[in-house]
Amino acid sequence: MMSVMETAAEFSRLLGPLRRSVLRATRNAEGLPDLPEAQIELLRALVAAGPLSPGEAARRLGVANSTVSNLVKAMTNSGLVRREQAPGDFRGVLLAPTDTALDLLDRYDRTSSAALAEAIDRLSPDDRAIMAEAVPVLRRLTAELESGRGG
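The following block contains the structure:
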C-alpha cells in the first residue's frame, strides 16, 4: 500500500495529463475552440457565483489580479465575457459570461462528460465501481484544498 506522500505525489502527477486528455477529447469530439483552461475556469467561476468583480474573480481562482485582467481582455475580445457597471458604483465593474460563453461551456461539459463516460465504460466493472466510489472522496479532497487546510 502506498504511503500518503506517495499517493499524493502520484495523484499530483496524474492530474495534469488527465485534465489535458479530457480537454483534448472534448475539443476533438465536437470541434470546440481551443479555450485555455484558465478561461474555462474563469467562466465556471462566473457561472457559479454570478457576476463578479475582477478582484473577487482573482480571489476565487487563486490568481493575481493582473492574470484576471489579461484573461478578461482576451475573453472580452472573443465575445466570452462582458463587463457590467456595478450597481451603485459608477467606477466598479462586474464580469459576466456572455450567452456565447454559456453555450460553449455547456457544450464542453456535455462533450467532456460523454468522453469520460465512454472511457469509464471501457474499464473493468471493478474499476468502474472504484471510480463511482471515488467521486465523493474527490469532492471532499477539493473542499479540503480550497479551505486552506490542504497545504
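Heads up: the sequence shown at position 134 corresponds to 134 in UniProt numbering, and the numbers run straight through without jumps.
The C-beta atom is built at its ideal place from N, Cα and C for all residues, glycine as well.
Nearest to V93 by C-alpha distance, out of R20, P136, E144 and A57, is A57. Only residues of its own chain outside the window of five on either side were considered, and among them P33 and D34 have a CB closer than 8 angstroms to the CB of R27, listed in chain order.
When C-alpha distances from G31 are compared across L104, L141 and I130, the shortest belongs to L104.
Linking F90 to E84 through their CA atoms gives a straight-line distance of about 10 angstroms.
Remark: C-beta atoms of A48 and L61 do not approach each other more closely than 9 angstroms. Judged by DSSP in its simplified three-state form, R122 adopts coil rather than helix or strand. Between L71 and P97 a beta carbon distance of about 12 angstroms is seen, past the 8 angstroms cut, so the two are scored as non-contacting. The same chain holds no residue with a CB closer than 6 angstroms to that of E6 once the five nearest residues on each side in sequence are set aside. When only Cα atoms are considered, S66 and A9 end up about 30 angstroms apart. Take S112, set aside five residues on each side of it, and the residues of its chain with a beta-carbon closer than 6 angstroms to its own are V22 and T26, in chain order. By the Cβ-count criterion, A101 is buried, with 16 or more other Cβ atoms from all chains shown falling within 10 Å of its own Cβ.
S69 places its beta carbon less than 9 angstroms from that of P54. The DSSP assignment places complete beta strand (DSSP E) segments of no fewer than 3 residues inside the UniProt domain "HTH marR-type" (8 to 143) at 81 to 85 and 93 to 97, in order along the chain. Collapsing the DSSP output to three states places M1 in coil.
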